[in-house]
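Residues in the sequence shown are numbered consecutively from 2, following this note's numbering.
To keep things clear, I will list the structure first and then write my remarks on it.
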Amino acid sequence: MFPPIVLVPGNLRSQRSRHRNYADRMSQPRWLNETEAVAWRAFIESVGDLMTAFEAGLAEHDLTLGDYQVLVYLSEADDRQMRMCDLAEALRLSPSGLTRRLDGLVKAGLVAREPSEHDRRSMMAVLTTAGLRRLQKAAPDHVENVRENLFDHLNPTQVRNMASIFESIQRGVRQ
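Structure (structure tokens):
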């Protein structure tokens, strides 16, 4: 069995304390301590478990979590439509990634691609009536799934802390 790669190997701890110049510090990995390693692994495993549960719940509505996210963004947008570039940015996808994501939704009649009325260079992603109906049918089950698998295991203070923690992470990652 391999040793955990995220923990500081014992021989590197002593080496790190001997090397103080910048080049040496930058050449050494910043290994995780035990508490960080436990938190990291719990995070990764929990995210995997949650995504599996959310995907399974949405599969009952013939949606993926990515599909659901697209439908939610479009349902919240003015006139239930967004410029493709704005939707890609909101979803943190490349333009080609968004095109691939939308292909199945367009084929299923849940989203339409239409030229912008205001800018001929822009294409719009538009939530169709069928897409809105599918979202309205899936949303109560999905929210219950989120509640059962995530929030029911936390008290209100933990939920507030979780929100604060992930907002901090988002700000750091998105800089």
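Glycine included, every Cβ here is placed at the ideal spot set by N, Cα and C.
#### Entry: Residue from 109, 107, 70, 106 whose Cα sits closest to the Cα of residue 90
Minimum Cα-Cα distance from residue 90 among the listed residues 109, 107, 70, 106 corresponds to 70.
### Query
So, helix, strand or coil for residue 61, using DSSP?
In the three-state DSSP reduction, residue 61 falls in the coil class, being neither helix nor strand.
### Query
By DSSP, does residue 114 sit in helix, in strand, or in coil?
Under the three-state reduction of DSSP, residue 114 is assigned to strand.
### Message
Using the three-state DSSP reduction, which class does residue 84 fall into: helix, strand or coil?
### Response
Here residue 84 sits in strand by DSSP.
### Distance, residue 34 Cα to residue 140 Cα
Taking the straight line from one Cα to the other gives about 40 Å.
#### Entry: Expected contact under 8 Å - CB spacing of residue 146 and residue 54 to nearest Å
Indeed they touch by this definition, with Cβ atoms about 6 Å apart.
### Query
residue 154: buried (16+ other C-beta within 10 angstroms of its C-beta) or exposed?
Exposed.
### Message
Suppose contacts are defined by Cβ-Cβ distances below 8 Å. Is residue 110 in contact with residue 131 by that definition?
### Response
The answer is yes: Cβ separation under 8 Å.
### Query
Should residue 143 go down as buried or exposed, given a rule of 16 or more other Cβ atoms within 10 Å for buried?
So residue 143 ends up on the buried side.
### Query
Hey, how far is the Cα of residue 80 from the Cα of residue 167?
Rounded to whole angstroms, residue 80 to residue 167 spans 30 Å at the Cα level.
### Query
So, is residue 126 buried or exposed, given that buried needs 16 or more other C-beta atoms within 10 angstroms?
It is buried - the Cβ of residue 126 has at least 16 other Cβ atoms within 10 Å.
### Query
Does the distance from the CB of residue 73 to the CB of residue 136 come in under 8 Å?
Pairing residue 73 with residue 136 gives a Cβ-Cβ distance under 8 Å.
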